[in-house]
Amino acid sequence: MPPHPDIRFCRRCGTATQQQVPPLEDRVRAMCPSCGYIDYVNPINVVGTVPVWGPAGEGPAGADVRWAGEHVLLCRRAIEPRQGLWTLPAGFLEYGEAIAEGAVRETHEEAGARIELGPLYTVLDVAHVGQVHLFFLARLVDLQLRPGPETTENRLFALEDIPWGELAFRTVARTLHHYVDDCAAGAFPVHTAAVTPADGRG
Ligand SMILES: [Zn+2]
232 MPPHPDIRFC
242 RRCGTATQQQ
252 VPPLEDRVRA
262 MCPSCGYIDY
272 VNPINVVGTV
282 PVWGPAGEGP
292 AGADVRWAGE
302 HVLLCRRAIE
312 PRQGLWTLPA
322 GFLEYGEAIA
332 EGAVRETHEE
342 AGARIELGPL
352 YTVLDVAHVG
362 QVHLFFLARL
372 VDLQLRPGPE
382 TTENRLFALE
392 DIPWGELAFR
402 TVARTLHHYV
412 DDCAAGAFPV
422 HTAAVTPADG
432 RG
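In this text, residue positions in the sequence shown follow the numbering used here: the first is 232, and each later residue adds one.
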């Protein structure tokens, strides 16, 4: 199991916590000796899209090419981590938000982009940092883009020109690799995988 974040103070009352196994549980957690609060740390969801533009193309006979595109929208990151590298629009799901809502919101925040949201596409465990990354297929409604504060530049890349060596995160690279392959195959099934430190950056 990955190292647990070191939570030293109760988020409810501010008392120094104790690392204990709560009753009826099986692992150590940060517990408050004053108010009894148990600080559960669970994986964070990162939600985003693969926003594409351009004609869907022909594809193999009978293929589902509705979500195929000639270009994909990437965002150059204005902030750390991975400042200056390219990413798909994505970010942390907010409390009380559905994953599809979060994906649309992040796409708008980072690129000013309006999209038609497609189906869920990749579900990627990044257990070593306590995250799950979820990307949806999407089609840009128009090209009125406006980089948000976390983005220095939005650019449409032809699939053959994706900057593989300058992508910010492994989950983005994984998702784009699937996308390029699936455009050629003409089908876009959901892909699930675990991304580990052995897969390189991000
Ligand atoms: Zn407390």
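Where is the CB? At the ideal position from N, CA and C, for every residue including glycine.
Being a predicted model, the structure only gives us computed values, none of them experimental.
Skipping 5 residues on each side, what residues in its chain have a beta carbon closer than 6 Å to that of G433? Bear in mind that the predicted position of G433 carries a pLDDT of just 48, short of 50, making it unreliable; the figure below should be weighed with that in mind. So the qualifying residues of the chain are F400, R401.
If we define contact as Cβ-Cβ less than 7 Å, is V259 a contact residue for chain C? Checking the listed chains, one finds no chain C in this structure; it contains a single protein chain.
Using the DSSP secondary-structure output, state which residues sit across from E384 in a beta bridge. R307, per the DSSP bridge assignment.
For A425, is the classification buried or exposed, using 16 other Cβ atoms within 10 angstroms of its Cβ as the cut-off for buried? Counting Cβ neighbours within 10 Å, A425 comes out exposed, since fewer than 16 surround it.
Got a sec? Which residues, its chain only, sit under 8 Å from C244 by beta carbon, not counting five neighbours each side? C263, S265, C266, Y268.
Suppose you measure from the CA of L407 to the CA of Y271; what does that come to, to the nearest Å? One C-alpha to the other measures close to 33 Å.
E341 classed as buried or exposed, judged by whether at least 16 other C-beta atoms fall within 10 angstroms: With 16 or more Cβ atoms within 10 Å of its Cβ, E341 is classed as buried.
Rounded to whole angstroms, what's the CA-CA distance from D373 to V303? Just pull it up for me. Roughly 13 Å separates the two Cα atoms.
Would DSSP call R345 helix, strand or coil? R345 falls in the coil class under three-state DSSP.
Going by beta carbon distance, what residues of the same chain come within less than 6 Å of V403, once the five residues before and after it are set aside? Close CB contacts of V403 within its chain, under the 6 Å cut and outside five residues either way in sequence, are with T318, L319 (chain order).
Going by the C-beta, is T382 closer than 6 Å to any heavy atom of ligand 1? Because no heavy atom of ligand 1 lies under 6 Å away, the Cβ of T382 does not count as near it: no.
Cross-strand partners of W317 (DSSP beta bridge): BP columns for W317 point to R307, L398.
Could you spell out where the beta strand (DSSP E) holding N273 opens and where it closes? Looking at the DSSP string, N273 is not in any beta strand (DSSP E), and its letter there is neither H nor E.
For V372, name the three-state secondary structure that DSSP assigns. Three-state result, V372: coil.
Would you please state the rounded distance, in angstroms, between the beta carbons of A389 and T280? I believe it to be under 8 Å. That belief does not hold up - the Cβ atoms of A389 and T280 are roughly 18 Å apart, past 8 Å.
Counted within 10 angstroms of its Cβ, other Cβ atoms place T338 as buried (16 or more) or exposed: Using a 10 angstroms sphere on the CB of T338, the tally of other CB atoms reaches 16 or more, which defines it as buried.
Among all residues, which have a Cβ less than 5 Å from at least one non-hydrogen atom of ligand 1, and in what chain order do they fall? Selection output, chain order preserved: C241, R243, C244, T246, C263, S265, C266, Y268.
Going by DSSP in three states, T280 sits in which element: helix, strand or coil? If DSSP states are grouped into helix, strand and coil, T280 belongs with the strands.
Skipping 5 residues on each side, what residues in its chain have a beta carbon closer than 7 Å to that of E325? G333.
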